[in-house]
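*Asks:* Sharing a structure with you now.
Protein chains: 2
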Amino acid sequence: MEKVNLLEKFSLFDDYWSPKIVGQLNGQQVKLAKLKGEFVWHHHEAEDELFLVVRGRLVIRLRERDVVLEEGEFFIVPRGVEHQPVAKEQAHVLLFEPQSTLNTGNVRSQHTVENLDAI
Amino acid sequence: MEKVNLLEKFSLFDDYWSPKIVGQLNGQQVKLAKLKGEFVWHHHEAEDELFLVVRGRLVIRLRERDVVLEEGEFFIVPRGVEHQPVAKEQAHVLLFEPQSTLNTGNVRSQHTVENLDAI
């Protein structure tokens, strides 16, 4: 196991909405993703999902409100809660969630990524 | 659930080596800690432990090498691996680990904190 430098890892990819695995522990994964635009509304049946903004701004739309995350802020979306991540400008985000988590949850769309790269 | 601002949470406490719970998901916890000086050598029997440096510098001594973490870098100490966190100057650190994790692992010392505050 080597240490992970977040900025260095973010420099290794440019595709949006395609999380990369940068760490694994206790059945959970640490992932990095670059987000831009509107993602699909979805929920995760059995997984809580943490979004930590490393750069930029991310809005997590919930059905009853919006959560606006700036750099250095995180939010945990509880399992079963519908959400839509939206980034008006490019945002760099760290995710912490179980290995079993599919990025689009209960929905299949052009954003669905089945097999994530580890970088 | 509300969003969490890391800097704001760090401003709420000043004690060293006393992790505060700032998030819970999937049986795991997100904790924040201020570290300064040398911690006790220990290991965790059944828990992998992630250290992410938010501010300052943290050295994680392993028996065969030192891992030096700067801001924006993380390291995962696998279960069973002896380690000693050392911060020459004050460091602010985010931890991801199972709820069951005791800060001093297999060792009892003056640093052992049994019941963590959630802030």
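Here the protein sequences line up with chains A and B, keeping their order.
Okay, so the first sequence: first residue is 1 according to this note's numbering, each after it adds one.
Okay, so the second sequence: first residue is 1001 according to this note's numbering, each after it adds one.
Virtual Cβ for every residue (Gly too), placed ideally from N, Cα, C.
#1: List, in order along the chain, the chain B residues whose C-beta lies closer than 8 angstroms to that of E47 (chain A)?
#2: Could you please give the first and the last residue of the uninterrupted alpha helix (DSSP H) stretch that includes E1008 (chain B)?
#3: Going along the segment 65-79 of chain A in order, which residues come within less than 7 angstroms of chain B, judged by CB to CB distance?
#4: Would Q1090 (chain B) and K1034 (chain B) be called neighbours here (beta carbons separated by less than 8 angstroms)?
#5: Which chain A residues are close to N1005 (chain B), counting only those with a beta carbon under 7 angstroms from its beta carbon?
#6: Which one of A:L116, A:V40, A:A118 and A:D48 has the shortest CA to CA distance from V81 (chain A)?
#7: Straight-line CA distance for N1115 (chain B) to S109 (chain A)?
#8: The beta strand (DSSP E) with D117 (chain A) in it runs from where to where?
#9: As an exercise, report each continuous beta strand (DSSP E) stretch of at least 3 residues that is fully enclosed by the segment 1020-1068 of chain B, in chain order.
#10: Pick out whichever of B:K1036, B:K1020 and B:F1013 has its Cα sitting closest to the Cα of L1095 (chain B).
#11: Quick one: what's H1111 (chain B) bridged to in DSSP?
#12: Please say whether V1068 (chain B) and R1055 (chain B) have beta carbons closer to each other than 8 angstroms?
#13: Closer than 6 angstroms by C-beta to E97 (chain A): which residues in its own chain qualify, once you throw out the five before and the five after it? Chain order, please.
*Replies:* The short version:
#1: N1026
#2: L1006 to F1010
#3: V67, L69, G72, E73, F74, F75, I76 and P78
#4: yes
#5: G72 and E73
#6: A:D48
#7: 44 angstroms
#8: Run containing D117 (chain A): none; DSSP gives neither H nor E here.
#9: 1020-1025, 1028-1038, 1049-1055 and 1058-1062
#10: B:K1020
#11: In the DSSP output, where bridge partners are listed per residue, H1111 (chain B) has none listed.
#12: no
#13: E47 and E49
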